[in-house]
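Residue numbers (full-length UniProt numbering), protein chains in the order written: chain A, 1 to 174; chain B, 1 to 174.
Below is one structure, written out as structure tokens, with a few remarks after it.
Number of protein chains: 2
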Amino acid sequence: MSATRDPRPCSIADTLALVGEKYSLLVLREVYLGNGRFDQLVRNIGAPRDVLAARLKRLVDGGILTKARYSERPQRFEYRATTAGLELEGALMTLMAWGDRHLRGDDDRPMVIEHNCGHELLALVTCSACGREVRHEDLTAHPQAPGWTRSGPAAVQADAHGPSRAGHTASGEG
Amino acid sequence: MSATRDPRPCSIADTLALVGEKYSLLVLREVYLGNGRFDQLVRNIGAPRDVLAARLKRLVDGGILTKARYSERPQRFEYRATTAGLELEGALMTLMAWGDRHLRGDDDRPMVIEHNCGHELLALVTCSACGREVRHEDLTAHPQAPGWTRSGPAAVQADAHGPSRAGHTASGEG
DNA sequence: GGGTAGAGTTTGGAAATCAAACCCTCGCCT
DNA sequence: AGGCGAGGGTTTGATTTCCAAACTCTACCC
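Given below as structure tokens:
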């Protein structure tokens, strides 16, 4: 019997395995703001120092941050985002926009980001091909991983009398 | 005494407090795919059943999922995304795009999303005002929360501009 | 020498995770 | 009517992780 064990292969899961632990994305937030020093990260994020040290090591090992020396004699370091690390900023802006919209009133924002087009940034996820905003009902998933369908592992085929086999295209209750 | 304690007020942190725990975003992934049944979530995500139950409760309480009955007689439920929940799909697509680009070769994708414009989706985060892609160097953060600057809590006055020079604030306060 | 800043590491108790086992309701097969 | 199995969880007990506070070490500044 093949192991029913392994979860669905997925780049979302892989990405979260790297940056999805508690505090990791907040480290990125601070680094984007230019706050790359250890004590600064501790204060601004509120993370335990040992946990933060572990997260930083992981982010550096994962190629998202670098540890740069900014002073030789009293050895002092600063964490900076790599190119790959900077490419996660969009995801953070998206999460911020969501939180601003759903967890606050539109007037109670703790932070405003200014885009150099002159306007306040409201992050929007779009399709790079057509430029339109990504909406759920416009998407169709095509699993590529062998042995996996949209609904689960093909071997188990857990799709008999499902309530809505439609999956992505056509439903919508809201 | 000194309230050096509270972390920076931030919608990113708030959002992550709700959906940032392990597995939560993978639950959303499966729900977007139409897989809202408990056992399906367990199998496809690989989460312990008790942890998954806790996450589902939190997501329902947080207004991101609803628990819908799809069969009366053998009582059967299914979790579905609310409107707010659907609005997180863009963030997931962004994380997927990042993982596809940085954690895999562009040929080894476990899942391809088709956009109904006819092309494969490559999620891009853009500024809703000007439509351009969000890039780090085009952004400027403006903290609104009282007592907080870009670099940290104002009361503690961590120096403001970069690691290069320290402002020498000798006078303590306390 | 005393004090401060930066960058962590150590410590020990509290909380979360995990895999596996268990529970309960139905529906179906025989 | 007995047994099986699916679905949807809850319980259990051992392992990990987290957390806050204390501690370490270097180095500058007075």
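Cβ atoms here follow ideal geometry from the backbone N, Cα and C, with glycine treated the same way.
Run down chain B in chain order and give the residues with a C-beta less than 9 Å from the C-beta of residue i.
i, result
"Arg104 (chain A)", "Ser11, Asp14"
"Arg55 (chain A)", "The premise fails here: Arg55 (chain A) is roughly 13 Å from chain B at the closest Cβ pair, so nothing lies under 9 Å."
"Thr66 (chain A)", "Going along chain B, no residue has its Cβ under 9 Å from Thr66 (chain A), so there is no contact; the nearest lies around 13 Å."
Which residues in chain B sit within 8 Å of residue i, going by Cβ to Cβ distance?
i, result
"Asp50 (chain A)", "In chain order: nothing, as chain B lies at least about 17 Å away."
"Leu92 (chain A)", "Ile12"
With distances taken between CB atoms, is the gap from residue i to residue j smaller than 9 Å?
i, j, result
"Ala84 (chain A)", "Leu28 (chain A)", "no"
"Ala145 (chain A)", "Ser11 (chain B)", "no"
"Glu137 (chain B)", "Leu124 (chain B)", "no"
"His119 (chain A)", "Cys117 (chain B)", "no"
"Gly99 (chain A)", "Asp14 (chain B)", "yes"
"Leu122 (chain A)", "Ala129 (chain B)", "yes"
"Gly147 (chain B)", "Tyr79 (chain B)", "no"
"Arg58 (chain B)", "Glu30 (chain B)", "no"
"Gly63 (chain A)", "Gly131 (chain B)", "no"
At 7 Å on the CB atoms, spell out the chain B contacts of residue i, in chain order.
i, result
"Ala84 (chain A)", "His102"
"Tyr32 (chain A)", "His136"
Distance, Cα to Cα, residue i vs residue j?
i, j, result
"Pro9 (chain B)", "Ala154 (chain A)", "45 Å"
"Ser151 (chain A)", "Leu33 (chain B)", "7 Å"
"Leu103 (chain B)", "Leu52 (chain A)", "23 Å"
"Glu75 (chain B)", "Arg69 (chain B)", "Sequence inspection shows Gln at residue 75 (chain B); the Glu mentioned does not correspond to that position. For Gln75 (chain B) and Arg69 (chain B), the distance between alpha carbons rounds to 7 Å."
"Ser71 (chain B)", "Phe77 (chain B)", "7 Å"
"Gly105 (chain B)", "Met111 (chain B)", "13 Å"
"Leu25 (chain A)", "Leu56 (chain A)", "11 Å"
"Glu87 (chain A)", "Arg73 (chain B)", "49 Å"
"Lys67 (chain B)", "Ile45 (chain B)", "18 Å"
"Pro48 (chain B)", "Leu139 (chain B)", "40 Å"
"Thr94 (chain A)", "Gly90 (chain B)", "8 Å"
"Asp39 (chain B)", "Val19 (chain B)", "20 Å"
"Pro143 (chain A)", "Arg43 (chain B)", "16 Å"
"His115 (chain B)", "Leu92 (chain B)", "15 Å"
"Ala54 (chain B)", "Asp61 (chain B)", "11 Å"
"Tyr23 (chain A)", "Arg101 (chain A)", "22 Å"
"Ala141 (chain B)", "Ile113 (chain A)", "5 Å"
"Thr149 (chain A)", "Arg109 (chain B)", "14 Å"
"Arg135 (chain A)", "Leu41 (chain A)", "35 Å"
"Leu65 (chain B)", "Asp50 (chain B)", "18 Å"
"Asp107 (chain B)", "Asp107 (chain A)", "44 Å"
Which partner residues does residue i have in the DSSP bridge list?
i, result
"Leu139 (chain B)", "A:His115"
"Ser71 (chain A)", "A:Arg76"
"Glu120 (chain A)", "A:Glu114"
"Ala81 (chain A)", "A:Leu65"
"Trp148 (chain A)", "A:Pro153"
"Glu133 (chain B)", "B:Thr126"
Please list, in chain order, the chain A residues whose beta carbon lies closer than 8 Å to that of residue i.
i, result
"Glu87 (chain B)", "Trp98, Arg101, His102"
Determine the chain A residues that contact residue i at a beta-carbon separation under 9 Å, and present them in chain order.
i, result
"Pro7 (chain B)", "Leu26, Arg43, Asn44, Ile45, Gly46, Ala47"
"Arg29 (chain B)", "Arg8, Cys10, Ile12, Ala13"
With a threshold of 8 Å (Cβ to nearest heavy atom), would residue i be considered close to the ligand MG?
i, result
"Ala145 (chain A)", "Here there are no bound small molecules, and the ligand MG is not part of this structure."
Would you mind telling me which residues of chain A sit closer than 7 Å to residue i, beta carbon to beta carbon, in chain order?
i, result
"Leu59 (chain B)", "In chain order: nothing, as chain A lies at least about 13 Å away."
Quiz item: Which of the residues in the region 143 to 157 of chain B, read from start to end, lie with their CB under 8 Å from any CB of chain A?
Solution: Per Cβ criterion, the list reads Pro143, Gln144, Ala145, Trp148, Arg150, Ser151, Gly152, Pro153, Val156.
Practice problem: Could you run through the region 125 to 138 of chain B and flag, in chain order, every residue whose CB is less than 9 Å away from some CB of chain A? | Solution: Going along the region 125 to 138 of chain B in chain order, one finds Val125, Thr126, Cys127, Ser128, Ala129, Cys130, Gly131, Arg132, Glu133, Val134, Arg135, His136, Glu137, Asp138 with a Cβ nearer than 9 Å to chain A.
Practice problem: Using a Cβ-Cβ cut-off of less than 9 Å, give me the residues of the region 109 to 124 of chain A that come near chain B, in sequence order. | Solution: Here the close residues are Arg109, Pro110, Met111, Val112, Ile113, Glu114, His115, Asn116, Cys117, Gly118, His119, Glu120, Leu121, Leu122, Ala123, Leu124.
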